[in-house]
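All the letters of the sequence shown, read from the start, carry residue numbers 223 to 479 under our numbering.
This report concerns only the one structure given below.
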Amino acid sequence: MSLHADLSSLLSLSAEPNSVELAFRVIFALIVGSAVGLERQWRAGLAGLRTNALVSTGAGLFVVMGAYAFADGSSADPTRVAAQVVSGIGFLGAGVILREGLNIRGLNTAATLWCSAALGCLAGMGMYFVAAIGTIVIIAANILLRWLGKSVNRKSRRALAATPDETEYVFEVVTSEKSEPRVRALLLQTLNRPEYKLLAVSASHKKNSSTVSLQASLQSALEDAAPLERAVSRMTLDPKVKKARWWVNDDDNEDEY
223 MSLHADLSSL LSLSAEPNSV ELAFRVIFAL IVGSAVGLER QWRAGLAGLR
273 TNALVSTGAG LFVVMGAYAF ADGSSADPTR VAAQVVSGIG FLGAGVILRE
323 GLNIRGLNTA ATLWCSAALG CLAGMGMYFV AAIGTIVIIA ANILLRWLGK
373 SVNRKSRRAL AATPDETEYV FEVVTSEKSE PRVRALLLQT LNRPEYKLLA
423 VSASHKKNSS TVSLQASLQS ALEDAAPLER AVSRMTLDPK VKKARWWVND
473 DDNEDEY
């Protein structure tokens with residue numbers, strides 16, 4: 223028997239289930255959605271137990287409705303409703319994705335909601351075994367792959383931290399106290415380059431003087447200091463800058479330029 227024939231027999235509406243079986247399909251959708259939601263609730267996800275359970279139950283209800291509500295004298299097809307469920311869950315998943323600065327939260331929760339909808343569709347079609355296996359796989363993926371991802375991140379951070387080629391530089395600009403905000407902004411703008419990683423900027427006020435020394439700590443893997451020389455030239459063009467220089471940050475020996 224071909225795969226197409228197997229699917230046709232599975233989705234065939236000739237033997238319409240009774241009300242008890244339809245109710246069981248909805249309850250099974252609630253169970254598998256709750257199982258996935260428990261893991262999300264435990265991890266304090268943006269969508270927990272109730273959300274995943276409701277998504278799975280709703281998907282199961284839609285599939286049952288699409289398959290059997292208009293079965294008499296019509297070409298009812300649960301796969302049509304399932305396709306619409308997939309599209310609709312995409313909008314729901316977008317609502318749990320948040321951006322916090324440079325970080326994005328909620329992608330895993332949105333993907334889990336999509337999986338819960340798939341489990342509900344399977345339960346609504348009466349494919350209990352596949353839905354149960356899918357539930358186990360989804361929970362295992364959320365738990366095991368989370369651990370694997372953290373392990374890979376730790377190893378990656380260690381490898382980056384062990385890079386011996388990076389050199390730390392100090393870039394100093396001297397200006398007046400009155401011009402400090404403006405010169406600080408100009409300094410940050412000048413040093414915002416892909417070749418260097420800005421670590422910190424500090425200010426020290428000289429005693430018995432109205433001048434301020436702004437020092438920026440930089441890190442780079444490049445041996446070419448031409449960008450720093452260009453930065454010095456640019457800073458000294460500003461009339462509020464009294465002096466600009468840079469050196470390699472070495473505790474034993476400071477090579478000033």
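Where a beta carbon is used, it is the ideal one built from N, C-alpha and C, also for glycine.
Its Cα nearest to that of Ala362, the residue Cys337 stands out among Val395, Cys337, Ala316 and Val285. Nearest neighbour of Asn430 by Cα position, chosen from Pro403, Tyr418 and Ser398, turns out to be Ser398. Secondary structure note for Val254: it is in no beta strand (DSSP E), and the uninterrupted alpha helix (DSSP H) holding it is Ser241 to Trp264. Sequence-distant partners of Arg302 (beyond 5 residues in either direction) whose C-beta falls short of 8 Å from its own C-beta, in its chain, are Gly288. Collapsing the DSSP output to three states places Ala466 in a strand. Collapsing the DSSP output to three states places Lys419 in a strand.
Distance from the CA of Val374 to the CA of Asp460, rounded to the nearest whole angstrom, comes to 47 Å.
Taking 8 Å as the upper bound for CB-CB distance, Ala453 and Leu408 are not in contact here, some 10 Å apart. By the CB criterion at 8 Å, Thr334 and Val254 fall outside the cutoff.
Secondary structure at Glu445: coil, using DSSP grouped into helix, strand and coil. For Glu390, the pairing in a beta bridge is given by DSSP as Gln441. Around the beta-carbon of Leu370, fewer than 16 other beta-carbon atoms lie within 10 Å, marking it exposed. Spatial neighbours of Ala275 in its own chain (CB-CB distance under 6 Å, excluding positions within 5 residues in sequence) are listed in chain order as Leu252, Gly255, Ser256 and Gly259. When C-alpha distances from Val308 are compared across Gly342, Val286 and Gly328, the shortest belongs to Gly342.
Taking the CA atoms as reference points, Asn240 sits about 12 Å from Val286.
In the structure shown, the three-state DSSP call for Ser431 is coil.
Leu440 sits buried, since 16 or more C-beta atoms from the chains shown fall within 10 Å of its C-beta. By the CB criterion at 8 Å, Val318 and Ala332 fall inside the cutoff. Excluding its 5 nearest sequence neighbours in each direction, Pro449 has C-beta neighbours in its own chain below 8 Å: Arg415, Glu417 and Tyr418, listed in chain order. Going by DSSP, Glu399 is part of no alpha helix (DSSP H) at all; its letter is neither H nor E. Residues of the same chain with a CB within less than 6 Å of the CB of Val396, apart from the 5 flanking positions on each side, are Thr433, Ser435, Lys464 and Lys465 in chain order. Between Phe250 and Tyr350, the CB-CB gap stays under 8 Å. Val405 is not a Cβ neighbour of Trp469, given a cutoff of 8 Å. Secondary structure of Leu459 (DSSP, three-state): coil.
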